[in-house]
Amino acid sequence: MMSNSKKGYFLFLYVLLFISTNVNAQKFLIPQTAMIQRAGSIGYNSFGVGYNLFGNKKGSLDLAWGYVPKSKGGRQDIFAAKFAYRPISIKLSDFGVLNLANPGLFVSHHPGGKFHTTLNKEQYPAGYYWWSSAVRFHLSASTELKINTPKSLAQTGVEQVALYGEFNTNELYAVSWFKNRKNLPLGDIFKIGFGIKAYF
Amino acid sequence: MTDKSLIVGYFFKMKLNLLLFSLSVILFGSSCGKLEYSPNQKFDKDTPRNLNAINLQKLMATTGDDTIRFVLSGDSQRAYDDLGVFIDKINATPGIDFVILNGDISDFGLLQEFKWIENYYSKLKVPYLAVIGNHDHSANGVYVYQRMYRQQLDVSVIDKGVKFVCHNTNSREYNFNGTIPDLNYLRTQFQPEAGVKGFFAVAHVPPTNADFDKKLFTEYGKILTDNGKVYAVLNAHIDKETIQYPYTSRLPIITTNSIYNRHFLVVEVVNNNFKFYDVEF
Chain A
805 MMSNSKKGYF
815 LFLYVLLFIS
825 TNVNAQKFLI
835 PQTAMIQRAG
845 SIGYNSFGVG
855 YNLFGNKKGS
865 LDLAWGYVPK
875 SKGGRQDIFA
885 AKFAYRPISI
895 KLSDFGVLNL
905 ANPGLFVSHH
915 PGGKFHTTLN
925 KEQYPAGYYW
935 WSSAVRFHLS
945 ASTELKINTP
955 KSLAQTGVEQ
965 VALYGEFNTN
975 ELYAVSWFKN
985 RKNLPLGDIF
995 KIGFGIKAYF
Chain B
798 MTDKSLIVGY
808 FFKMKLNLLL
818 FSLSVILFGS
828 SCGKLEYSPN
838 QKFDKDTPRN
848 LNAINLQKLM
858 ATTGDDTIRF
868 VLSGDSQRAY
878 DDLGVFIDKI
888 NATPGIDFVI
898 LNGDISDFGL
908 LQEFKWIENY
918 YSKLKVPYLA
928 VIGNHDHSAN
938 GVYVYQRMYR
948 QQLDVSVIDK
958 GVKFVCHNTN
968 SREYNFNGTI
978 PDLNYLRTQF
988 QPEAGVKGFF
998 AVAHVPPTNA
1008 DFDKKLFTEY
1018 GKILTDNGKV
1028 YAVLNAHIDK
1038 ETIQYPYTSR
1048 LPIITTNSIY
1058 NRHFLVVEVV
1068 NNNFKFYDVE
1078 F
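Here the protein sequences line up with chains A and B, keeping their order.
Counting from 805, one number per residue, gives the positions in the first sequence under our numbering.
Counting from 798, one number per residue, gives the positions in the second sequence under our numbering.
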């Protein structure tokens, strides 16, 4: 019998082999966007690459790594996968595009011994804590302004540079609010982040 | 191109666009102070520090009668709709010296929860002491507690000749490794002491509960009963008011109901006689 971690390594090697021999797979994997974000619950700073979904840049998937330095309440690493949908595109002449209200969801993972994804079965009875302290599920809403790159900078490969601001909450804040709707203002559970994103 | 987008485009051609956007980003960021780096950050720029020490100083600075009267509250987690009423009730009750928040301050060990709870308890007219609970051990909760309340999870306080030995009994969070509760700490704290007429043991998990290290149950009881002047063990955790005598008939183990269930206990020591009653709010 092969252990799970060994199986994982073999799968990883197989995927690498597949990518290295398949041009289409390589094309598919090249990121179409890159982002840098401040706050927004996935790090003091976070850095990510992303892919456009559904055509016309209506949807996006960003994969990011973020960190909180010790001086800001860390040290903490955070990995996040962010999905957003942009139903409203307002074309601003030649200047760019404004995506006014973009609902999204994202998952954040907090590595480290203090955090659990599943409870230690020897330590806790089943269902002792119902949530995972390592993984948070977030709902988000963002506004994004995509600015067309001037023609003089076309050779950089950056088509558009976007500035965005984003509100988010997570499932534990939402549960806290839901049972205390009389006294806990809804605004209290929404947190803010903002960032800059390059579309290649 | 539609008319609407032409009009919007016209405004943006006036080069106000970037200015407006950066303005809104600044407003966004600064007006609410709600930039969050992580739900698991241990503190932010507004987090209060060392509240147990600050509150202890306040307690020592107050002079009153010889009667000790305090509130035992517990399990404040996720009870934000109930806390306002709770605080008003205590502020309207005369003769309270201080309030104990006996663990499970938070539900998920998140900074935001500690801040919400602190926001209520800071409105008390009297000082309060926070003791750590099992839920406060989730995620970075212990770090949040240590910075906000006290670095050491065990703390002893003497007020009007009565010693309160607050300690960590959340054994399950340490996988019953035999170090929690810290019996060595308790042995030193429950030594007879000049000027101390009686003791209270204050902790979140009662010794009779499955979350208490059963290897330490007997020795724990021995330390308390050997002292001979312990009025009671004061706990929370099980969300109901109970009184048990697992060691001797002179050592009651008392649990308070949760804030969510809208109960707390008032405990008094008058002329070295100890009594308590439940308050519903």
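All C-beta atoms, glycine included, are put in the ideal place defined by N, C-alpha and C.
Here the structure is a predicted model, which means the values were calculated and not measured.
Using a C-beta to C-beta distance shorter than 7 Å, which residues of chain B count as neighbours of residue i?
i, result
"A/Y933", "S935"
"A/S944", "Here the premise fails: no neighbours, minimum Cβ distance about 12 Å."
"A/Q927", "R969, N972"
"A/K918", "A936, N937"
"A/Y848", "Y834"
Give the DSSP-derived three-state secondary structure of residue i in the structure shown.
i, result
"B/H953", "Reading off the sequence, residue 953 of chain B comes out as Ser, not His. It is a strand residue."
"B/V999", "strand"
"A/N984", "coil"
"B/Y1074", "strand"
"A/T825", "helix"
"A/Y855", "strand"
"B/V776", "Nothing can be reported for residue 776 of chain B, as the shown portion of chain B is limited to 798 through 1078."
"B/D933", "helix"
"B/L907", "coil"
"A/E948", "strand"
"B/N916", "helix"
"B/D872", "coil"
"B/F867", "strand"
"B/E833", "coil"
"A/Q836", "coil"
"B/Q1041", "strand"
"A/Q841", "strand"
"A/F899", "coil"
"B/I1051", "strand"
"B/G938", "helix"
"A/Y818", "helix"
"A/Y889", "strand"
"A/G863", "strand"
"B/Y971", "helix"
"B/E1065", "strand"
Mind listing the chain B neighbours of residue i? Cutoff is C-beta to C-beta under 8 Å, in chain order.
i, result
"A/S845", "E833, Y834, S835, P836"
"A/I840", "Chain B residues near A/I840: none, gap ~14 Å exceeds 8 Å."
Residue i CB to nearest chain B CB: under 9 Å?
i, result
"A/L990", "no"
"A/V911", "no"
"A/G870", "yes"
"A/F816", "no"
"A/L821", "no"
"A/N974", "yes"
"A/S956", "no"
"A/N906", "no"
"A/N924", "yes"
"A/S824", "no"
"A/A888", "no"
Would you mind telling me which residues of chain A sit closer than 8 Å to residue i, beta carbon to beta carbon, in chain order?
i, result
"B/E910", "S980"
"B/K839", "G877, G878"
"B/G881", "N987"
Is residue i close to chain A, meaning its C-beta is less than 9 Å from at least one C-beta of that chain?
i, result
"B/G906", "yes"
"B/D878", "yes"
"B/H1060", "no"
"B/H1001", "no"
"B/H964", "no"
"B/H932", "yes"
Mind listing the chain B neighbours of residue i? Cutoff is C-beta to C-beta under 9 Å, in chain order.
i, result
"A/R940", "S835, P836, N837"
"A/S864", "By Cβ distance, chain B contributes nothing, its closest Cβ being about 19 Å from A/S864, past 9 Å."
Taking C-beta pairs closer than 9 Å, name the residues in chain A that residue i reaches, listed in chain order.
i, result
"B/R875", "V979, S980, K983, N984"
Are any of the Cβ atoms in chain D nearer than 9 Å to that of residue i?
i, result
"A/I882", "The structure shown contains no chain D; its protein chains are A and B."
The region 943-952 of chain A contacting the region 914-926 of chain A, beta-carbon criterion three pairs below 8 Å: Inter-segment contact for the region 943-952 of chain A and the region 914-926 of chain A is absent: fewer than three beta-carbon pairs are separated by less than 8 Å.
Meets three-Cβ-pair contact criterion under 8 Å: the region 918-931 of chain B and the region 895-902 of chain B: The region 918-931 of chain B is in contact with the region 895-902 of chain B.
Contact between the region 863-878 of chain A and the region 888-901 of chain A (3+ Cβ pairs under 8 Å): The way I'd put it, the region 863-878 of chain A does touch the region 888-901 of chain A; three or more beta-carbon pairs between them come closer than 8 Å.
The region 1045-1053 of chain B in contact with the region 841-857 of chain B per 3-pair CB rule at 8 Å: These segments do not touch.
Cβ contact check for the region 832-850 of chain B and the region 1006-1022 of chain B: 3 or more pairs under 8 Å: No, the region 832-850 of chain B does not touch the region 1006-1022 of chain B.
Stretch pair the region 857-877 of chain B + the region 897-909 of chain A: three plus CB contacts closer than 8 Å: Counting Cβ pairs under 8 Å, fewer than three are found: no touch.
Any alpha helix (DSSP H) of 4 or more consecutive residues that is wholly inside the region 1000-1038 of chain B: Within the region 1000-1038 of chain B, the complete alpha helix (DSSP H) runs of at least 4 residues are 1014-1024.
Contained alpha helix (DSSP H) runs [length at least 4] in the region 911-947 of chain A, N- to C-terminal order: As for any alpha helix (DSSP H) of minimum length 4 sitting wholly inside the region 911-947 of chain A, there is none.
Contact between the region 830-838 of chain A and the region 871-884 of chain A (3+ Cβ pairs under 8 Å): Output reads no: the region 871-884 of chain A does not touch the region 830-838 of chain A.
Segment contact flag, the region 924-934 of chain B with the region 964-974 of chain B, C-beta cutoff 8 Å, min 3 pairs: When Cβ pairs closer than 8 Å are counted between the two stretches, the region 924-934 of chain B is seen to touch the region 964-974 of chain B, the count reaching three or more.
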